[in-house]
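Oh and the sequence shown: position 294 is 418 in the numbering used here, straight run, nothing missing.
Using N, Cα and C, we set each Cβ at its ideal position, and we do this for glycine too.
Read the structure below first, then the notes.
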Amino acid sequence: MDAETLSRRTLRFVNVAHALDHFVLLIYPTAVLAIAAQTGLSYGELIGLATGAFVAFGLCSLPMGWLADRFGRRNLLAVFFFGYGLSCLGVASAASPTAFAVWLCVLGLASAIYHPVGSTMLVTHARRLGRDLGVNGVWGNAGAATASGVTALLAAGLGWQAAFIVPGVFCLAVGAAFLALVPGDGEGAAGRTGGAALIPVARPLPLLVVFAFAIVAGGMTFNITTIALPKVVDERLGAGLPLALIGSVATLVFAFGALTQLAMGRLIDRYSLPTLFLALSVLQPLGLGLAAASTGLTLLAGLVLTMAALYGQVVINDAMVARYVPAAYRARAYSVRYFLGFTVSGFVVPMIAVLHDRGGFGLVLGIAAGFGAVIVASALGFFALTRGPAPRPLVPAE
């Protein structure tokens, strides 16, 4: 298979994998509303069972870059598809809190594969880095956006088990197609098309520390908002909304993130990454603060602003790794990036449960706005550290 065909097919499956990664991980936060009604357990008790899934999502991403370099990225992405399919069927079969916790943890382990492996495959095969990152981001956002709506419809019409069975079977089918149509990793076309030109930096260690703070704080705001969104809509937008409508409103909020990702993808190919990072970072604490202090349509406006900033930031973060890290280290760099972002933020699940019981979602979103302020400070530091003349590169651009 020629490199162009391989790159085209690989990018398509990487995009589908990104959609599935976010879709499947966000089934439970909506399905839990139907599970609570059926079992009589509280929202706090049930949402806490997903702690293992979100911790595994981040913690297990650390070795994935190394495993991809050792066993092949294509092979590991195939494990992702089949692992997701089987774990979805396992959650659907759960009949006790322990079974839910175990299968959700397995689901989180499978989900940890995509970001370090898929992001590296994307950068390797991208022809225009910003555009392809933006498109890939939209696929991920589409998965997150449709998760609430599709889950609510399936749970309301066929029972909460169907909300896991249908995506599980789909993941297994996509995995079989991926193995049949993508024979290997390949070198891709990025090298000859300038997909990810390396940017040399004068002070790499301080830059790394500042970026790490942004990643950790961004992981907190991302997970707090995406996990809590269905319940926020249920409680603060309008009491007594049916489950299907709650899911549809949550989907509408997520959809605005897709528009930001497309815009960021185009802007990355034209403007400085530190400048874009700083401009976008301000929107997170602004939107979260507005949502924390309001209800109704004002709350909805704050959530829309927050979601746009969150998903735009994801594209910028991935572009930074692609542009500032040499190709030989990118898979491991993506592993560390997602380890930092998702391991710490995995603990937001019990944090949401505790804060919700003590102060409702006003307190939850207020804490998230505080993490958003940390992102602004990190963006200011990143901008300052990248000013001035660039050093002479020691490694040729990829």
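Self-check item: Y453, buried or exposed, once every other Cβ within 10 Å from all chains shown has been counted against 16
Solution: As a position in the sequence shown, residue 453 is number 329, starting the count at 1. Its Cβ having fewer than 16 others within 10 Å, Y453 is exposed.
Exercise. Apply the 10 Å Cβ neighbour rule to S220 and answer buried if 16 or more other Cβ atoms are within range, or exposed otherwise.
Key: As a working mapping, residue 220 is identified with position 96 in the sequence shown. S220 is exposed by the Cβ-count criterion.
Practice problem: With R136 as the anchor, note down where its alpha helix (DSSP H) starts and where it stops. | Solution: Start at 1 with the first residue of the sequence shown, and residue 136 comes out as number 12. Element bounds for R136: A127 to L149.
Self-check item: Cα-Cα separation, A158 to A279
Solution: Residue mapping note: residue 158 aligns to position 34 of the sequence shown, counting from 1. Residue mapping note: residue 279 aligns to position 155 of the sequence shown, counting from 1. Their backbone Cα atoms lie some 7 Å apart in a straight line.
Quiz item: If you drop the 5 nearest sequence neighbours on each side, which residues of the same chain put their C-beta closer than 6 Å to that of Y448?
Solution: For the purposes of this step, residue 448 is taken as the residue at position 324 of the sequence shown. Closer than 6 Å at Cβ, skipping near neighbours: I323.
Quiz item: For the region 172 to 188 against the region 461 to 480, are there 3 or more C-beta pairs whose distance is under 8 Å?
Solution: yes
Quiz item: Going by beta carbon distance, what residues of the same chain come within less than 6 Å of R511, once the five residues before and after it are set aside?
Solution: Against the sequence shown, residue 511 aligns to sequence position 387. Nothing listed; no residue qualifies.
Practice problem: Return the first residue and the last residue of the alpha helix (DSSP H) that D393 is part of. | Solution: As a position in the sequence shown, residue 393 is number 269, starting the count at 1. D393 -> no alpha helix (DSSP H), and no H or E assigned at all.
Quiz item: Any idea if P328 is buried or exposed, counting beta-carbon neighbours within 10 angstroms, 16 or more meaning buried?
Solution: Taking the first residue of the sequence shown as position 1, residue 328 is located at position 204. Answer is exposed; the Cβ neighbour count stays below 16.
Quiz prompt | Nearest-angstrom Cβ-Cβ length linking M245 and R197, presumed shorter than 8 Å | solution = Here residue 245 corresponds to residue number 121 of the sequence shown, with the count starting at 1. Here residue 197 corresponds to residue number 73 of the sequence shown, with the count starting at 1. 5 Å between Cβ atoms; contact.
Quiz item: If we ignore side chains and look at the alpha-carbon of each, how far apart do V230 and Y395 end up?
Solution: For the purposes of this step, residue 230 is taken as the residue at position 106 of the sequence shown. For the purposes of this step, residue 395 is taken as the residue at position 271 of the sequence shown. Computed Cα separation, rounded: 40 Å.
Exercise. Go to T248, then tell me how far its alpha helix (DSSP H) extends in each direction, as first and last residue.
Key: Walking along the sequence shown from the start, residue 248 turns up at place 124. Its alpha helix (DSSP H) spans residues Y238 to H249.
Self-check item: Rounded separation between A417 and L402 - CA only
Solution: Here the question's residue 417 lines up with position 293 in the sequence shown. Here the question's residue 402 lines up with position 278 in the sequence shown. Distance between the alpha carbons of A417 and L402: 24 Å.
Quiz item: Mind checking whether A236 and C184 have CB atoms under 8 Å apart?
Solution: In the sequence shown, the residue the question calls residue 236 occupies position 112. In the sequence shown, the residue the question calls residue 184 occupies position 60. Contact flag set, yes.
Quiz item: Hey, which unbroken runs of the alpha helix (DSSP H) at 4 residues or more fall wholly within the region 257 to 318?
Solution: 286 to 305 and 314 to 317
Quiz prompt | For I323, three-class secondary structure by DSSP | solution = For this step, residue 323 is matched to residue 199 along the sequence shown. Coil at I323, not helix or strand.
Exercise. Could you check what DSSP says for V473 in three-state terms: helix, strand or coil?
Key: The count along the sequence shown starts at 1 and reaches residue 473 at position 349. Residue state for V473 is assigned as helix, using DSSP reduced to three classes.
Quiz item: How would you label Q162, buried or exposed, when you count the other beta carbons within 10 angstroms and need 16 or more for buried?
Solution: One-based indexing of the sequence shown puts residue 162 at position 38. In summary, Q162 is exposed, with fewer than 16 beta-carbon neighbours lying within 10 Å of its beta-carbon over all protein chains present.
Exercise. Let me know if L421 comes out buried or exposed under the rule of 16 or more other beta-carbons within 10 Å of its beta-carbon.
Key: For the purposes of this step, residue 421 is taken as the residue at position 297 of the sequence shown. Only exposed fits L421, as fewer than 16 other CB atoms lie within 10 angstroms of its CB.
Exercise. State the Cα-Cα distance for the pair G496 and S405, rounded to the nearest angstrom.
Key: Residue mapping note: residue 496 aligns to position 372 of the sequence shown, counting from 1. Residue mapping note: residue 405 aligns to position 281 of the sequence shown, counting from 1. Cα-Cα distance, rounded: 8 Å.
Quiz item: Is the number of C-beta pairs between the region 279 to 293 and the region 206 to 223 that are closer than 8 Å three or more?
Solution: yes
Quiz item: So, helix, strand or coil for P450, using DSSP?
Solution: If you number the sequence shown from 1, residue 450 lands on position 326. Coil.
Quiz prompt | Burial state of G483, where buried means 16 or more other Cβ atoms lie within 10 Å | solution = For this step, residue 483 is matched to residue 359 along the sequence shown. Per the 10 Å Cβ criterion, exposed.
Quiz item: Do the region 164 to 175 and the region 425 to 438 make contact, defined as three or more Cβ pairs closer than 8 Å?
Solution: no
Quiz item: DSSP state of A192, grouped into three classes?
Solution: Position 68 of the sequence shown, counted from the start, is the residue given in the question as residue 192. Helix.
Practice problem: Assuming A443 contacts L397 (C-beta within less than 8 Å), just tell me the rounded distance between them. | Solution: For this step, residue 443 is matched to residue 319 along the sequence shown. For this step, residue 397 is matched to residue 273 along the sequence shown. So it is a contact: roughly 6 Å between Cβ atoms.
Quiz item: Is T510 helix, strand or coil when you go by DSSP?
Solution: Translated into the one-based positions of the sequence shown, residue 510 becomes position 386. Correct three-state label for T510: coil.
Quiz prompt | Beta-carbon gap between R390 and G267 smaller than 8 Å | solution = Walking along the sequence shown from the start, residue 390 turns up at place 266. Walking along the sequence shown from the start, residue 267 turns up at place 143. Their beta carbons are not under 8 Å apart, which means R390 does not touch G267 by this criterion.
Quiz item: Between the C-alpha atoms of G209 and V293, what's the straight-line distance to the nearest angstrom?
Solution: Taking the first residue of the sequence shown as position 1, residue 209 is located at position 85. Taking the first residue of the sequence shown as position 1, residue 293 is located at position 169. So the alpha carbons of these two residues sit roughly 6 Å apart.
Quiz item: Does the count of Cβ pairs from the region 454 to 462 and the region 378 to 389 closer than 8 Å reach three?
Solution: Because the criterion of three Cβ pairs below 8 Å is not met, the region 454 to 462 and the region 378 to 389 do not touch.
Quiz item: Taking all protein chains shown into account, do 16 or more other C-beta atoms lie within 10 angstroms of the C-beta of G318, making it buried, or fewer, making it exposed?
Solution: Position 194 of the sequence shown holds residue 318. Any reading at G318 must be qualified, since the residue scores a pLDDT of 43, below 50, and its modelled position is unreliable; the value itself is stated next. G318 should be labelled exposed.
Quiz item: I440: which of F137, I499, L414 and L479 sits nearest, CA to CA?
Solution: Within the sequence shown, residue 440 is the residue found at index 316, counting from 1. With distances taken between Cα atoms, I440 lies closest to I499.
Practice problem: Leaving out five residues on either side along the sequence, give the residues of the same chain with a beta carbon under 6 Å from the beta carbon of L149. | Solution: Here residue 149 refers to the residue found at position 25 when the sequence shown is read from its first residue. Counting only Cβ-Cβ distances below 6 Å, and skipping sequence neighbours, we find S235.
Self-check item: Nearest neighbour of A174, chosen from T222, T129, L200 and L186 [CA to CA]
Solution: Here residue 174 is taken as the residue at index 50 of the sequence shown, counted from 1. Per the Cα distances, T222.
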